[in-house]
Every structure is written in C-alpha cells, then in structure tokens.
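For reference, the structure discussed in these notes is given below.
In the numbering used here, the protein residues as written are 9 to 368.
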C-alpha cells in the first residue's frame with residue numbers, strides 16, 4: 009500500500025537528501041522510482057526506503073533493476089500514469105494527526121477548519137474515484153486550491169507537500185446544519201448548535217468520512233431509547249465515541265493492547281469490558297461496550313463545546329439498509345428521525361463504516 013500515504017513526498021525527500029536525481033510516479037499498479045547517483049548513496053537510499061517508509065504504507069514487493077544513467081539534473085515527481093490492468097492497494101482514511109490538531113488552533117487560514125489534513129492524515133479511500141491517486145481523481149477535484157494551499161502543496165519542506173486533499177477555510181469544503189427548517193453555516197455557530205441540541209436530549213445526524221452517523225448523549229437514557237426506537241434497533245449495542253482516553257478509562261477497562269488500537273491511525277471501535285455504565289440503552293444485556301476515540305477534526309471541535317464524556321455515534325441507516333452517503337438521501341430518510349442534520353459539500357465516493365476490533 010503505497011498510494012495515499014505520503015509515499016511520493018517521502019521518496020522525494022530521501023532522494024534529495026542523498027543527493028540523487030531521477031523521478032517518482034504513481035501508477036495504477038504501484039509506485040515506480042528511478043534514481044541516479046553514486047553507488048554508496050543509492051544503497052543508502054534503498055536502506056531508507058525499506059526502513060523509514062510512512063507508517064501507514066505497506067511495501068508488499070520491491071523490484072530493483074539497474075539501467076544506464078540518463079544524467080538527470082534534478083529529482084522530480086512525475087504526473088501519474090495508467091500502465092497496466094493491475095491495481096495497487098489504496099490507503100484507508102487516516103485519523104487526523106496531532107500536528108494538524110495543533111495547526112487547527114494556530115494557522116490563521118485553518119483556525120477551527122474541520123477538514124484539515126496533511127500528507128500523514130485525512131480522507132483517502134472514501135474520496136478516491138480512480139487510480140492513480142491524485143487530486144483530480146478524488147472528490148476534492150471540485151475545490152481548487154487557494155494560493156496558500158498551493159504554496160504548501162509545492163513546498164518540499166512543508167508537511168502538506170503533495171497532500172492531495174489539502175484545503176483550508178479559504179478554498180475547501182464546509183459544513184451546513186439543517187435545524188428547524190433553517191440552513192446554518194459557519195463552523196463555530198454549527199458546533200455550538202450541535203452541542204446544545206445534543207445536550208437537550210435531541211438527536212443529530214452527522215456526515216462522517218465514509219457515511220452518515222446518528223449521534224446523541226450517551227449518558228441520557230431518554231435520548232438513547234428514542235434513538236433505538238427511531239432506528240428500529242431492538243438489542244444490538246450502540247457504538248460510543250468518548251472525548252478522550254482518560255474519560256474512556258472511567259467507563260471501561262483498557263489494557264495496553266486495547267489502548268494501542270484505540271489510539272492507532274485506524275481509530276477502530278474496540279470492544280471493551282464495562283467498568284461504569286452509560287445510559288442503559290447503549291448496550292442492553294452486555295457487559296461490554298464498543299468504544300472509539302475522535303478521528304475527524306469535527307469530533308474534536310464538538311467535544312470542545314459539548315463537555316460530555318461520550319456520545320452515541322451509530323451508523324446512519326435505517327434497519328437492514330446500507331449506511332447512507334448522499335446528502336439528499338440523508339435529508340429524505342434520516343432527518344425525519346433526527347432533530348438536526350449536519351452535512352458538508354464534499355461527496356463521499358466510497359462508502360465505509362467504522363471497523364470493529366476485539367482483543368483476545
């Protein structure tokens with residue numbers, strides 16, 4: 009898995025660091041690299057390629073061939089190409105990284121920007137409509153980069169160098185809240201209204217990375233029971249998102265392996281043994297809870313405002329139907345069972361749901 013994980017920027021950096029010339033390109037069957045330079049530097053490059061690749065990447069095969077040098081003067085990232093019928097793996101979406109969370113409070117053009125991402129995090133699989141992985145082959149294609157984002161995208165020293173979904177408050181997607189017949193924009197106003205709605209015991213449908221999810225206060229018995237009735241979901245437990253690891257540990261037992269999974273870039277739902285109950289309707293008849301931690305920038309912005317230990321965050325579908333990904337369908341099918349609907353104007357191309365893990 010070498011597409012959507014910052015692999016080309018990684019290759020560019022180690023090639024230039026070792027004073028090599030040549031090129032790297034995404035192809036639909038993987039990544040091709042050509043490097044020229046002194047033999048000892050080529051060996052150092054190969055060692056770095058094997059040992060320092062991005063954490064999310066997975067090199068399943070590596071073929072090395074020698075050719076006569078063409079005496080290139082620079083190292084370049086070439087435009088992606090289609091060369092075969094083979095298809096490489098593409099990265100899943102990656103939980104927002106700590107650096108982006110810091111930028112969300114520090115970079116003027118990304119203050120509280122709920123779609124912040126970089127080479128190391130953000131949407132991947134859910135926005136890709138074709139390979140090789142480039143912005144024009146994702147649902148970000150309709151959002152032209154502003155000059156600030158273009159500068160970061162082109163700067164080898166920047167963490168957003170060749171980050172395909174890069175965006176900011178000036179040029180990227182935005183949220184829209186539908187509440188009581190009104191359509192509301194502005195992330196600060198939206199997070200305030202969503203938190204107030206949930207605190208009143210109401211239900212909010214929220215567009216996530218791979219589909220819509222339905223949320224309510226996980227400590228509010230009436231809200232959880234109402235959600236269970238709305239989804240026609242008699243006994244199946246609800247997944248719960250906690251505000252942070254320390255809060256989660258008050259409600260569930262977490263060993264070191266489970267903690268590692270909870271904090272991983274995958275951010276799965278992990279089945280944990282209950283320590284302290286939430287609302288009874290969250291997990292009826294079970295001594296376990298399906299818990300996860302925030303993974304989208306919006307989750308962090310919401311928990312800043314809502315000051316709750318946890319919210320129910322269950323798949324946005326009606327009983328026995330697939331998770332909904334389309335804004336119009338969500339408005340038609342999910343708004344009637346919710347008090348508010350939160351959408352955004354970037355399309356989801358590939359439907360996904362949160363993965364579930366149990367450590368045994």
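C-beta: ideal position from N, C-alpha, C; glycine also.
Annotation: the continuous alpha helix (DSSP H) that includes residue 308 extends over 305-314. Distance from residue 290 to residue 232 at the Cβ level is roughly 6 Å; contact confirmed, criterion being Cβ atoms closer than 8 Å. Contact fails between the stretch 96-111 and the stretch 142-159, because fewer than three Cβ pairs, one in each stretch, are under 8 Å apart. 320 is the residue among 320, 312 and 162 whose C-alpha sits nearest the C-alpha of residue 235.
Between the C-alpha atoms of residue 18 and residue 112 there is a straight-line separation of about 24 Å. Checking the DSSP bridge columns, you'll see residue 15 has no partner listed. Between the alpha carbons of residue 60 and residue 239 lies a distance of about 46 Å.
The residue from 251, 41, 78 and 64 with its alpha-carbon nearest to that of residue 70 is 41. In this structure, the beta-carbon distance from residue 219 to residue 323 falls below 8 Å. Relative to residue 35, the option among 121, 57 and 138 whose CA is nearest is 138. In this structure the stretch 117-135 touches the stretch 167-183; the number of beta carbon pairs closer than 8 Å is three or more.
Within the stretch 83-169, the beta strand (DSSP E) runs of at least 3 residues that lie entirely inside it are, in chain order, 83-85. Rounded to whole angstroms, the gap between the alpha carbons of residue 312 and residue 191 is 23 Å. Of all alpha-carbon atoms in 27, 24 and 225, the one lying nearest the alpha-carbon of residue 310 is that of 225. Going by beta carbons, residue 259 and residue 283 fall inside the 8 Å limit. Put simply, of 154, 332 and 344 the residue whose alpha carbon is nearest the alpha carbon of residue 358 is 332. For residue 282, the pairing in a beta bridge is given by DSSP as 260.
For residue 15, the closest alpha carbon among the candidates 362, 33, 76 and 179 is that of 33. Collapsing the DSSP output to three states places residue 358 in coil. About 6 Å separates the CB atoms of residue 44 and residue 28; that is less than 8 Å, so the two are in contact. Pairing residue 30 with residue 82, the inter-Cα distance amounts to about 6 Å.
In the DSSP assignment, residue 172 falls outside any alpha helix (DSSP H), carrying neither H nor E. Counting C-beta atoms within 10 angstroms of its own C-beta, residue 67 has fewer than 16 neighbours from the protein chains shown and is therefore classed as exposed. Take residue 174, set aside five residues on each side of it, and the residues of its chain with a beta-carbon closer than 6 Å to its own are 157, 161 and 168, in chain order. Excluding sequence positions up to five before and after residue 279, its CB lies within less than 6 Å of the CB of 296, 298 and 366, all in the same chain and listed in chain order.
Residue 189 and residue 334 have their alpha carbons spaced roughly 19 Å apart.
DSSP places residue 191 within a strand segment (E or B) once states are collapsed to three. Nearest to residue 214 by alpha-carbon distance, out of 86, 352 and 317, is 352.
Burial check for residue 172: the Cβ neighbour count within 10 Å reaches 16 or more, so the residue is buried. Residue environment analysis places residue 252 among the exposed positions, since fewer than 16 neighbouring C-beta atoms fall within 10 angstroms of its C-beta.
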